[in-house]
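Written below as structure tokens is the structure these notes are about.
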Amino acid sequence: MRDRLNLSLPVEMIGRINDLADRKRVTRSAVVEAAVESFLSPDHADMQEAALTRRLDRLSRQIARLERDQRITTETLALFVRFWLTVTPPIPPEDQATAQAKGRERFEGFVDALGKRVQQGRGLVEEVVGDQTTN
10 MRDRLNLSLP VEMIGRINDL ADRKRVTRSA VVEAAVESFL SPDHADMQEA ALTRRLDRLS
70 RQIARLERDQ RITTETLALF VRFWLTVTPP IPPEDQATAQ AKGRERFEGF VDALGKRVQQ
130 GRGLVEEVVG DQTTN
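Residue numbers for the sequence shown follow the numbering used here, so the first one is 10 and each next one is one higher.
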């Protein structure tokens with residue numbers, strides 16, 4: 010037995026229902042009935058919750074990896090700075106201008122090399138790890 014139900018929907022939604030009905034070659038009532046049935050299904054909420062849980066779990070694992078990588082990066086930089094400051098002798102005042110010019114030149118070379126590596130999309134870590142696995 011069927012009963013009639015009149016309702017008002019936004020014009021855009023009616024257009025979408027019409028488009029779907031035309032594509033599927035079914036009536037508009039069949040499209041609306043399937044949508045309401047899906048919404049009222051007890052599995053609907055469970056399926057949404059399971060999908061959301063899977064997404065949250067994946068995001069949690071990604072964030073944990075990012076945090077680990079960030080800690081490694083920070084420790085690497087700190088260790089390098091400590092080492093550099095320990096082994097680099099002070100520059101005499103009369104050599105400071107020359108050292109600064111050389112430093113600017115080296116830094117520009119570093120920035121150029123960094124830009125090229127970033128454009129290539131392959132980092133040094135992947136390159137080193139890749140080299141180790143092939144040996």
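Even for Gly, the Cβ is constructed at its ideal location relative to N, Cα and C. Keep in mind the model is a prediction, meaning the values are calculated, not measured.
DSSP places Val-20 in the uninterrupted alpha helix (DSSP H) bounded by 20 to 33. Judged by DSSP secondary structure, Ser-47 falls within the alpha helix (DSSP H) whose first and last residues are 37 to 49. At the C-beta level, Ile-26 and Val-40 come within 8 angstroms of one another. Positions of the alpha helix (DSSP H) runs, each at least 4 residues long and wholly inside the region 119 to 143, are given as 133 to 143 in order along the chain.
Asn-15 and Ser-38 have their C-alpha atoms roughly 11 angstroms apart. In this structure, the straight-line span from the alpha carbon of Trp-93 to that of Ala-59 is close to 51 angstroms.
One alpha carbon belongs to Thr-62, the other to Glu-42, and they sit about 28 angstroms apart. In this structure Arg-126 is not in contact with Gly-118, their Cβ atoms being roughly 13 angstroms apart against a cut-off of 8 angstroms.
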